[in-house]
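The listed protein sequences correspond, in order, to chains R and S. Sequential numbering of the first sequence, starting at 0, is according to numbering that gives the first Met the number 0. Sequential numbering of the second sequence, starting at 0, is according to numbering that gives the first Met the number 0. Take a look at the structure set out below.
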Amino acid sequence: MMPILFLSGDAMTDVFLLAAAVFMLLATAMLYRVIKGPSTQDRVLAVNVLGTNTVVVLALLGAGLDVPSLLDIALVYALLNFLMSVAISKFTVEQGGVL
Amino acid sequence: MISAFEAALFVFVLTTALATALLRDILAVIIVFAAYSLGMALFYAFLLAPDVAMTEAAIGAGVTTLLLLLALVKTSRPDLDYWLERPNISALVVFGALLVVIISTLGEFPAVGTADAPIWENPAVTQYYIENAYSDTHVTNAVTSVLAGYRGFDTFGEAVVVFAAGIATLLVLHREVFTRE
Chain R
0 MMPILFLSGD AMTDVFLLAA AVFMLLATAM LYRVIKGPST QDRVLAVNVL GTNTVVVLAL
60 LGAGLDVPSL LDIALVYALL NFLMSVAISK FTVEQGGVL
Chain S
0 MISAFEAALF VFVLTTALAT ALLRDILAVI IVFAAYSLGM ALFYAFLLAP DVAMTEAAIG
60 AGVTTLLLLL ALVKTSRPDL DYWLERPNIS ALVVFGALLV VIISTLGEFP AVGTADAPIW
120 ENPAVTQYYI ENAYSDTHVT NAVTSVLAGY RGFDTFGEAV VVFAAGIATL LVLHREVFTR
180 E
């Protein structure tokens, strides 16, 4: 990996992976709202935050591990995350319709 | 050595898996299961298997959630007086015994990236595929040439199974999907 600013390549890898770890900790904290609820709206919103979090973590992993193809997965997730939230929201509003 | 990222991911996946097993509200379980799938996709990405992570993203978070929601539409979602499942003690004992057996086998796995992993025991085979895959099959992707060329009959059998499952699903759903006007 290329050195950026005054940090060596290895240090930059560590910074990226550490940032990903911090984001994972935040995601774990967000799990409280997913599990406890109490309403479905709370859960949908929390899972949406988790999805956005996952996109960021995937991008950080792609930079940290030097695997640019992880960015493709991040894009797929960004699109699917939206779809999932819409489906669950639609299910809650009009019981019976998902698609 | 286990990194900070892996540790955080372990906690995340374990929590979501436990919540999926223990929550009573089905809609909540579907949502938590989507979160579990997010964590697993991150695991696959971290272990440098982007294709598996991509599949987990598409199937786990997208299709499975929609499928379970559709199933929920067709069935009912009872009102519950308690929100956590009460664990079944005898089932827990069986599960614990199974867990001990599975964990006892973990030590036998070769570490990631070691030179004495079974796959390197016979390097001539790996080398043969790398050198001759294109001239034998004229497929530029070596993985595809192994799957569809060298192991063609195996893959054909799998395709037959998937095709049969698709036909069976269509037959079962026929009454409900295609005759409703």
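Just so you know, even glycine gets a beta-carbon here, dropped at the ideal spot from N, CA and C.
Rounded C-alpha distance that separates residue i from residue j
i, j, result
"Val48 (chain R)", "Ser144 (chain S)", "40 Å"
"Thr51 (chain R)", "Ala44 (chain S)", "16 Å"
"Leu17 (chain R)", "Ala48 (chain S)", "20 Å"
"Leu21 (chain S)", "Ile29 (chain S)", "12 Å"
"Ala45 (chain R)", "Asp71 (chain R)", "23 Å"
"Ile129 (chain S)", "Val72 (chain S)", "50 Å"
"Val124 (chain S)", "Tyr149 (chain S)", "12 Å"
"Ile34 (chain R)", "Arg85 (chain S)", "16 Å"
"Thr12 (chain R)", "Leu24 (chain R)", "19 Å"
"Ile166 (chain S)", "Asp9 (chain R)", "53 Å"
"Thr136 (chain S)", "Phe162 (chain S)", "25 Å"
"Val54 (chain R)", "Arg42 (chain R)", "18 Å"
"Gln126 (chain S)", "Ile58 (chain S)", "34 Å"
Coil, strand or helix - residue i by DSSP
i, result
"Leu83 (chain S)", "strand"
"Leu26 (chain S)", "helix"
"Asn47 (chain R)", "helix"
"Arg42 (chain R)", "helix"
"Asp65 (chain R)", "coil"
"Leu46 (chain S)", "coil"
"Val21 (chain R)", "helix"
"Thr143 (chain S)", "helix"
"Arg32 (chain R)", "helix"
"Asp37 (chain R)", "Checking the sequence, you will find Pro at residue 37 (chain R) rather than Asp. Three-state DSSP puts Pro37 (chain R) in coil, outside helix and strand."
"Ala7 (chain S)", "helix"
"Pro77 (chain S)", "coil"
"Thr173 (chain S)", "In the sequence on display, residue 173 (chain S) carries His and not Thr. Helix at His173 (chain S)."
"Val14 (chain R)", "helix"
"Val159 (chain S)", "helix"
Outcome for residue i when other beta-carbon atoms lying within 10 angstroms are tallied against a minimum of 16
i, result
"Tyr76 (chain R)", "buried"
"Leu57 (chain R)", "buried"
"Leu17 (chain S)", "exposed"
"Gly151 (chain S)", "exposed"
"Leu41 (chain S)", "buried"
"Asp24 (chain S)", "buried"
"Ile88 (chain S)", "exposed"
"Thr15 (chain S)", "buried"
"Leu68 (chain S)", "buried"
"Ser75 (chain S)", "exposed"
"Val12 (chain S)", "buried"
"Ser36 (chain S)", "buried"
"Leu105 (chain S)", "exposed"
"Val92 (chain R)", "exposed"
Residue i versus the options, residue with shortest Cα-Cα distance
i, options, result
"Ala20 (chain R)", "S:Val12, S:Leu26, S:Leu8", "S:Leu8"
"Ala110 (chain S)", "S:Asp24, S:Ala6, S:Leu46, S:Arg23", "S:Leu46"
"Thr64 (chain S)", "R:Thr12, R:Met83, R:Leu60, R:Thr53", "R:Met83"
"Ala56 (chain S)", "R:Ala62, R:Gly63, R:Leu74, R:Val92", "R:Leu74"
"Val66 (chain R)", "S:Asp50, S:Tyr81, S:Asp80", "S:Asp50"
"Phe4 (chain S)", "S:Gly38, S:Leu105, S:Val31", "S:Gly38"
Cβ separation of residue i and residue j, assumed to be a contact under 8 Å, to the nearest whole Å
i, j, result
"Asn80 (chain R)", "Ala60 (chain S)", "7 Å"
"Thr39 (chain R)", "Leu26 (chain S)", "6 Å"
"Leu30 (chain R)", "Ala33 (chain S)", "So it is not a contact: roughly 12 Å between Cβ atoms."
"Leu78 (chain R)", "Phe15 (chain R)", "Going by Cβ atoms, the distance from Leu78 (chain R) to Phe15 (chain R) rounds to 24 Å, so no, they are not a contact pair."
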